[in-house]
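Here it is as structure tokens:
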């Protein structure tokens, strides 16, 4: 599933541009299976949050390599469980802790700085996470200090390369270049 997600994003982009016949838009959107992936991630995060909240259990989360789905699931579960992470400051802390500090490969997944890595390394994992946050936020808008404009700003910064937050694959690389997440 993970290796094909960048193809799903391409299909999603194809249906989002105006050249698509409007009468086929929903069918084409459905064919991307993007929303199926979003639902799967949200279901997993909710299952984790319920286990922690209802059963007061500790949960070990580790998905294959540990820097893609793991960050999505832990971040979303924490967002569901703790209102602090639904504030602007809390969301920044969440991204810094669960994504940057734990080594999400932003440079490889987004494609910053290197033309030589193949498309197989690029994957919209963080974009999926933001989409999941947007889905939750639309269901519970008053539970969040921020809105969709904030999430769009985060995505703009993901691709803008203006700050060090999303430029590296690890804390080691940030430390080497003396860059702190912004």
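Residue numbers (my numbering): 2 to 183. The beta carbon of each residue, even a glycine, is placed where N, CA and C say it ideally should be. Note that the structure is predicted; figures quoted are calculated from it, not measured.
Reduced DSSP secondary structure (H/G/I, E/B, other) of residue i
| i | result |
| --- | --- |
| residue 168 | coil |
| residue 102 | helix |
| residue 60 | coil |
| residue 146 | coil |
| residue 163 | coil |
| residue 48 | helix |
Residue interval of the alpha helix (DSSP H) (run including residue i)
| i | result |
| --- | --- |
| residue 71 | 70-82 |
| residue 93 | 89-95 |
| residue 14 | 6-17 |
Euclidean distance between Cα positions of residue i and residue j
| i | j | result |
| --- | --- | --- |
| residue 166 | residue 124 | 17 Å |
| residue 6 | residue 137 | 21 Å |
| residue 60 | residue 83 | 16 Å |
| residue 180 | residue 8 | 32 Å |
| residue 74 | residue 46 | 5 Å |
| residue 149 | residue 135 | 7 Å |
| residue 132 | residue 35 | 10 Å |
Contact check, residue i vs residue j, beta carbons under 9 Å
| i | j | result |
| --- | --- | --- |
| residue 164 | residue 42 | no |
| residue 159 | residue 103 | no |
| residue 76 | residue 85 | no |
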